[in-house]
Amino acid sequence: MWTQHTERSTRRAIWCAAIALLAVAATSLRAITLSESLWLDELHTSWAVTGSFSDVLPRAAEGNQAPLYFLIQWFIVRLLGQHEWSLRLLSLLSGTAFVLGIVWITRRWTHSRSLAWLAGLIACVDPHAIFFAREARPYALLQVLALLYIEATRQRWRHPTVGNRIRIVLLAWLLFFTHYTAALLIASPWYVLVRRRRYLTDYAQLAVDHLVILCGMLCAWPALRTIGLRRDNWAQFVRPQPLTSLWTLFPCSRYLVPALLSVILAKALGGGNVTTRRRRQVGVVLTSASLIYLMPLVAAWGATQADLARLYFRRYVIVAEIGLFVLAAGSGMLLVTRRQRLGHAAIVGVAVAWMTALRMGSSVWQHSHEDWRAAVRLVNDQVSAAQVDGPRLVLLRAGLIEDAQLALENQDSRLVEYCRFPLAGIYQIRSLSSDHNDDAHVVPLSSRKLADWRAEWQREVDEHGHVWVFYRGGQEAAQGLVDHWLGSAKNCTMESYSFDGVTVIHVRAEQP
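Residue numbering for the sequence shown is 0 to 511, as defined by numbering that gives the first Met the number 0.
Dropping the structure here:
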């Protein structure tokens, strides 16, 4: 008895140490780029939380985003100040919590510590989970809430108590108002297909629950309607894909093939057969995980193919990857003994970590590949050193999908303000931000149609001696664009500064 107690204590200590190691590894991988310059999408978050509390919801909506994440970020910024690390802190914490949550849910489903740790390891090194945990956007938080929702759905379907029903409604609302594409998961009836119930009252209660969820979601109808009017924007980067992309959108081969080969190898070496009861449990877990992965993807794929809504984009269906993690680890339930499952976890874990390391390469050390911080600092440093006067006109070409309408004669003032956000958040040109009329000096440009800026350019150079251009892209393309604008302008010199993903060009009048 004493020996059994000691053995359990030892296993518990090893388990706690393994979880702690996983948490440290997950946090380290995600915190490497914590203080790196924000990139374009993150700059929208910075702009949305820069103003007053009343500015948060309309600014989030301008970027086609749900409000919850930005409201949380607004409070974080007020508490900690606006820095790269404070803007990314929520995603970092959510990313680590997601890894631990994968361990938790897999442990509850498989009743195996080794398989739970394997699922956590896969989530820990998954490049997509790492990417979204590194950036100041809502997707890491969305993954954590999706985990809680999936487990709450499982518990609600097994035990339809009032408390479980309320929990599922509240979590569905939190999910949806973190990101509207969470509706793909909320609408997926994976639990009905896995665990059929006998009584019509169960389905009646389920219908009532989802009707309540739908009523709450309808509060977002004005925002969804506005997003629907902008649907052509998504055609620029979300295109129909072949059905085989259900396998390739996420690294299925990297996770499932080693798991399958490990199970086959164990069976070939005399792994034994699972009992009938165990086989049913395995079927429920693997089917549930498969449906959690496939249902949101198939719905998004179909909507994109039919051009109803362009949703088949990795970040919009990131919650589906939860099913992939559980499926890869849960395949070890086909093995009989604890030692076999432990060996399975070790083999698959090493294979996944090795293949992921080969694929990620140097990208593990860098996230955004856009150094807006250095670009803005260049202008501020030159002004501070009195090398040049403060800029009176800054032309900004950020390459936003929404900026095509800037080429129209009747420009929407809200759109113009929105397209200024790269230089209106955490990174601002000080000489402009201190001016009461600074917004008039940052002019966002359309990436679809080139406006003729020659007359205004020449006038600005004549009056103030120089103009600055911020261009999201390479130096060669930026210089070609400025050459086109300069046209026949005389007595001008051009200085170009290149940073990661951002080019700054300073055009000034030649000294007589």
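Heads up, the beta-carbon is just placed ideally off N, CA and C, and yes, glycines get one too.
Computed from a prediction, not measured in an experiment: that's the story for all the values here.
Helix, strand or coil at residue i [DSSP, three-state]
i: aspartate 437; result: Interpretation of aspartate 437 is limited by its pLDDT of 46, a score under 50 that renders its predicted location unreliable; no figure is taken from the coordinates.
i: isoleucine 504; result: strand
i: glutamate 494; result: strand
i: valine 442; result: strand
i: histidine 158; result: coil
i: histidine 209; result: helix
i: histidine 110; result: coil
i: proline 257; result: helix
i: phenylalanine 312; result: coil
i: threonine 336; result: coil
i: leucine 293; result: helix
i: proline 66; result: coil
i: proline 188; result: coil
i: threonine 5; result: helix
i: alanine 356; result: helix
i: alanine 384; result: coil
i: histidine 368; result: coil
i: valine 124; result: helix
i: tyrosine 138; result: helix
i: asparagine 555; result: Any answer about residue 555 is impossible in this case: the structure gives the chain only from 0 up to 511.
i: glycine 424; result: coil
i: arginine 133; result: helix
i: histidine 82; result: coil
i: arginine 224; result: helix
i: proline 239; result: coil
i: tryptophan 38; result: coil
i: glutamine 72; result: helix
DSSP beta-bridge partners of residue i
i: tyrosine 470; result: Arg396 and Thr502
i: histidine 465; result: Arg507
Selection from the options that minimises the alpha carbon distance to residue i
i: serine 330; options: Leu296, Trp364 and Leu285; result: Leu285
i: leucine 99; options: Ala423, Leu144, Leu213 and Leu39; result: Leu144
i: histidine 82; options: Arg372, Ala305 and Pro239; result: Arg372
i: tyrosine 496; options: Ala508, Gln365, Val481 and Gln474; result: Gln474
i: arginine 157; options: Ala118, Tyr202 and Ala135; result: Tyr202
i: histidine 209; options: Gly227, Pro221, Pro188 and Leu223; result: Pro188
i: alanine 350; options: Leu78, Val124, Ser34 and Thr9; result: Val124
i: threonine 152; options: His127, Ala122, Leu205 and Ala115; result: Leu205
i: aspartate 482; options: Gly472, His465, Phe498 and Ile504; result: Ile504
i: alanine 222; options: Pro239, Ala59, Trp38 and Leu173; result: Ala59
i: phenylalanine 97; options: Arg164, Ala128 and His110; result: Ala128
i: glutamine 64; options: Leu422, Phe175 and His110; result: Phe175
i: glutamine 365; options: Ala344, Val191 and Asp499; result: Asp499
i: methionine 332; options: Gln240, Asp40, Gly464 and Thr105; result: Thr105
i: isoleucine 400; options: Ala384, Arg166, Leu326 and Phe236; result: Phe236
i: arginine 337; options: Ser53, Ser111, Phe130 and Leu392; result: Ser111
i: valine 318; options: Leu183, Asp54, Ser446 and Ile71; result: Leu183
i: alanine 118; options: Leu394, Gly348, Tyr470 and Thr225; result: Gly348
Environment of residue i [buried if 16+ CB atoms lie within 10 Å]
i: alanine 16; result: exposed
i: tryptophan 353; result: exposed
i: cysteine 214; result: exposed
i: arginine 155; result: buried
i: cysteine 218; result: exposed
i: glutamate 269; result: It should be noted that the sequence gives glycine, not glutamate, for residue 269. That one is exposed.
i: valine 23; result: exposed
i: tyrosine 198; result: exposed
i: isoleucine 149; result: buried
i: alanine 439; result: Residue placement at alanine 439 is flagged as unreliable, the pLDDT there being 47, under the threshold of 50; the coordinate-derived value follows with that caveat. Burial call: exposed.
i: histidine 435; result: Note that histidine 435 scores 48 on pLDDT, short of 50, meaning its location in the model is unreliable; the coordinates nonetheless yield the value given after this. Exposed, because fewer than 16 other Cβ atoms sit within 10 Å of the Cβ of histidine 435.
i: glycine 360; result: exposed
i: glutamate 494; result: exposed
i: glutamate 6; result: exposed
i: serine 430; result: buried
i: arginine 278; result: exposed
i: alanine 139; result: buried
i: arginine 230; result: exposed
i: histidine 368; result: exposed
i: glutamine 304; result: exposed
i: alanine 19; result: exposed
i: tryptophan 246; result: exposed
i: threonine 502; result: buried
Supposed contact pair residue j and residue i - C-beta distance, whole angstroms, cut 8 Å
i: arginine 136; j: arginine 29; result: Incorrect: roughly 13 Å between the Cβ atoms, too far for contact.
i: glutamate 61; j: arginine 413; result: 7 Å
i: alanine 12; j: threonine 95; result: With 8 Å as the limit, alanine 12 and threonine 95 do not qualify as a contact, their Cβ atoms being about 22 Å apart.
i: alanine 344; j: leucine 114; result: 6 Å
i: glutamate 41; j: leucine 86; result: 7 Å
i: leucine 422; j: valine 375; result: 7 Å
i: glycine 342; j: serine 289; result: So it is not a contact: roughly 24 Å between Cβ atoms.
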